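S.K.: Structure provided below as structure tokens; questions to follow.
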Amino acid sequence: IWVRNRSSIYSHDYLNGFLLSVILAYLTIDLGGARVKQSMKRIQIFRVTLDFLGLCIL
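Take the sequence shown: its position 22, counting from 1, is numbered 22 in full-length UniProt numbering, and each next residue is one higher.
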């Protein structure tokens with residue numbers, strides 16, 4: 001409700017669960033460099049995802 005009242009839900013920099021799952025799926029395939037492995041811990045996957053998002057923003 002708070003987000004909708006401020007209309008930031010429609011902004012271009014909005015990251016939702018669907019987009020996050022697409023990014024994670026991309027990071028697991030060879031085209032994405034296979035940066036996420038099945039043996040990785042959650043915190044490692046989180047860090048890889050943040051690194052990827054940081055590179056995309058630049």
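Positions of the beta carbon are idealized from the N, C-alpha and C atoms, including for glycine.
Everything numeric in this text was worked out from a predicted model, so none of it was measured.
Under a CB-based cut-off of 8 Å, is LEU53 close to chain D?
M.R.: The question asks about chain D, but that chain is absent: this structure has only one protein chain.
S.K.: So, is VAL36 buried or exposed, given that buried needs 16 or more other C-beta atoms within 10 angstroms?
M.R.: buried
S.K.: How many Å lie between ALA25 and LEU55 at the Cα?
M.R.: 17 Å
S.K.: What's the gap between the Cα of PHE46 and the Cα of GLN38?
M.R.: Roughly 13 Å between the two C-alpha positions.
S.K.: With H, G and I counted as helix, E and B as strand and the rest as coil, what does DSSP make of ILE29?
M.R.: DSSP places ILE29 in coil when its eight states are reduced to three.
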